[in-house]
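To convert, note that position 230 of the sequence shown is 230 in this note's numbering; the numbers rise steadily by one, no gaps. From the three backbone atoms N, C-alpha and C, an ideal C-beta is built for every residue, glycine too.
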Amino acid sequence: MRSTGIRRTLVALGVGALTLTACGADGDRAADGKTRITVNCMPPRSAEVDRRFFEEDVAAFERKNPDIDVVPHDAFPCQDPKTFDAKLAGGQMEDVFYTYFTDARHVVDIKQAADLTPYVKELKSYGTIQRQLRDIYTVDGRIYGVPRTGYSMGLVYHRQLFERAGLDPDRPPTTWPEVRAAAKRIAALGGGTVGYADYSAQNQGGWHFTAELYSRGGDVVTPDGKKAAVDSPEGRAVLRTLHDMRWTDGSMGGKQLLVINDVQQMMGAGKLGMYLAAPDNIPILVKEKGAEYEDLALAPMPGGRATLIGGDGYMFHRKASPEQIRAGLKWLDHMFLTPGDGFLGDYARAKKNDAPVGLPEPRLFTGAADARDQQVKEDHANVPVENYQAFLDGNQDLEMRIEPPQAQQLYSVLDGVVSAVLTKEDADIGRLLKDASAKIDGILARG
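Below, the structure written as structure tokens:
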């Protein structure tokens, strides 16, 4: 799933419309002899600042590489699930195209991705990227894509409500019993205040169920990816906790079937104590929902076992020529993969334009590259970075887990489970999980 519904902090990103023709289909040489590449995920015109940044960076790249012509395509969102497969199958996809982590294997399986293995040594930054993120785009030992950003889930909480409830905002809950206890105290403040909120519609309930299951050490599918694993002690514990917070404690409020915007509105209005999210929710809460940076903090996933990670990257059209692949890799290095620079990493430019700098993610690099990126970010921070230290510290002890195969279909099934528990006090948790397992088994069997 997307972490905010929009993608990363600096960017309101887009993708080329279905009617655009990719270079892979219409040739890789411009009339002037340059290598021509189409790329997607350029911010739409409505995101004026991001659009300007993107255009500036493309122009700078072309000045450095006068033999390459970059043709960006924009629309919103970067990847539309309704048209993604059709663009691939119809030869309409750009030469360098955006994908969620969960799409990488699918694109390879349907033979729509170029094999980058012979060329990736030319990508200067490749070895500095976290291995677990690189591995997402590696299938059977071959490299088919390059990660651009990554996120991990944590607990966003409202410091002011913690203080009003007699809780220490510098010591956020680290276990689910502690979350439940804190939520109950926050809800007791009254005035429509909700202690803890969760999603339960539009596949988002299934997404959060997965994150909560991971946090307890459980899984959605078996290790071989062939059978459901949700009907487990960990799965029942997730649902029992949600049920008891909703019906016994009354700490989740009366309105359910919530989606991300509903929960963000509650937090922005100062009426919600906690919810699960990634760091890029924080600027959305401030710039769009009325919150203040000083009131928002981030803790690691409760449970202490694992956290769900996601993110995005770029793959290449299966018909891209060697020249286009080399040009595209150079473009990725310039735009996204130079620590402290480029579209996502130019923190000085971001600060000058009032974009948030200092959020704890994305954390893409390792070693000296990571140190460089973090130092430049720290030098230009304009948000209260101390509010995110618990998240940074706690993440060091958590296993990072990617979303399950065929995630959206599985989330659709699990949505019904979560919504039933939150809307029916007498919901049969065992039956719900048994029925969900049968449906998931069917989805996995169909491939």
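N-terminal and C-terminal residue of the beta strand (DSSP E) that residue i is part of
i: residue 297; result: 296-300
i: residue 238; result: That residue, residue 238, is in no beta strand (DSSP E); its alpha helix (DSSP H) goes 233-243.
CB of residue i within 8 Å of CB of residue j, strictly
i: residue 300; j: residue 162; result: no
i: residue 267; j: residue 228; result: no
i: residue 369; j: residue 128; result: yes
i: residue 179; j: residue 252; result: no
i: residue 148; j: residue 415; result: no
i: residue 411; j: residue 203; result: yes
i: residue 265; j: residue 287; result: no
i: residue 72; j: residue 54; result: yes
i: residue 146; j: residue 332; result: yes
i: residue 328; j: residue 37; result: yes
i: residue 397; j: residue 340; result: no
i: residue 96; j: residue 314; result: yes
i: residue 309; j: residue 126; result: no
i: residue 44; j: residue 51; result: yes
i: residue 372; j: residue 122; result: no
Identity of the residues DSSP links to residue i by a beta bridge
i: residue 309; result: 152, 402
i: residue 145; result: 315
i: residue 158; result: 296
i: residue 277; result: 154
i: residue 69; result: 36
i: residue 74; result: 42
i: residue 272; result: 194
i: residue 113; result: 317
Nearest residue (CA-CA) to residue i, options the options
i: residue 243; options: 63, 176, 297, 32; result: 176
i: residue 92; options: 432, 336, 241, 39; result: 39
i: residue 159; options: 343, 145, 137, 186; result: 186
i: residue 388; options: 298, 396, 302; result: 298
i: residue 85; options: 72, 68, 107; result: 107
i: residue 64; options: 420, 334, 386; result: 334
i: residue 294; options: 156, 263, 256, 328; result: 156
i: residue 167; options: 373, 184, 403, 192; result: 184
i: residue 171; options: 306, 46, 425, 386; result: 386
i: residue 33; options: 444, 418, 324, 379; result: 324
i: residue 201; options: 263, 67, 59; result: 263
i: residue 419; options: 354, 104, 207, 134; result: 207
i: residue 94; options: 74, 105, 154, 100; result: 74
i: residue 444; options: 422, 223, 52; result: 223
i: residue 192; options: 221, 255, 424, 151; result: 255
i: residue 270; options: 337, 401, 314, 195; result: 195
i: residue 98; options: 336, 130, 284; result: 336
i: residue 219; options: 405, 430, 174, 428; result: 405
i: residue 503; options: 81, 402, 436; result: No information on residue 503 is available, as it lies outside the stretch 1 to 447 that the chain covers here.
i: residue 338; options: 57, 285, 302; result: 57
i: residue 383; options: 399, 397, 355; result: 355
i: residue 399; options: 241, 45, 67, 217; result: 217
i: residue 302; options: 130, 197, 394; result: 394
i: residue 357; options: 69, 367, 59, 374; result: 374
i: residue 499; options: 199, 272, 284; result: This structure leaves residue 499 out entirely; the chain is present only between 1 and 447.
i: residue 80; options: 41, 427, 109; result: 41
i: residue 174; options: 190, 276, 197; result: 276
Alpha helix (DSSP H) segment containing residue i, residue limits
i: residue 461; result: Residue 461 falls outside the range modelled here, since the chain spans only 1 to 447, and no answer is possible.
i: residue 391; result: 389-395
i: residue 286; result: 281-287
i: residue 126; result: Here residue 126 belongs to no alpha helix (DSSP H), and DSSP marks it neither H nor E.
i: residue 99; result: Premise fails: residue 99 lies in the beta strand (DSSP E), 96-100, not in any alpha helix (DSSP H).
i: residue 214; result: 204-215
i: residue 137; result: No alpha helix (DSSP H) holds residue 137; DSSP gives it neither H nor E.
i: residue 196; result: Segment 194-196 is the beta strand (DSSP E) holding residue 196; no alpha helix (DSSP H) there.
i: residue 51; result: 48-64
i: residue 367; result: 367-379
i: residue 325; result: 322-335
i: residue 347; result: 347-352
i: residue 261; result: 260-268
i: residue 433; result: 429-446
i: residue 423; result: 407-423
i: residue 219; result: Element bounds for residue 219: n/a, residue is neither H nor E.
i: residue 178; result: 176-187
i: residue 170; result: Where residue 170 is concerned, there is no enclosing alpha helix (DSSP H), given that its DSSP letter is neither H nor E.
i: residue 249; result: Careful: residue 249 lies outside any alpha helix (DSSP H) and carries neither H nor E.
i: residue 384; result: Residue 384 -> no alpha helix (DSSP H), and no H or E assigned at all.
i: residue 85; result: 81-89
Residue i CB to nearest heavy atom of the ligand COA below 7 Å
i: residue 444; result: For the ligand COA, the structure offers nothing, since it holds no ligand at all.
Quick one: any contact between the region 357-364 and the region 279-296, if contact means 3 or more CB pairs under 8 Å? yes
The region 315-335 in contact with the region 103-116 per 3-pair CB rule at 8 Å: yes
Evaluate the contact criterion for the region 130-141 versus the region 346-359: three or more CB pairs, one atom per stretch, below 8 Å. no
State whether the region 218-228 contacts the region 434-443, with contact taken as three or more CB pairs (one from each stretch) at a distance under 8 Å. yes
Quick test of the definition: if touching needs 3 or more C-beta pairs under 8 Å, does the region 206-214 touch the region 232-241? yes
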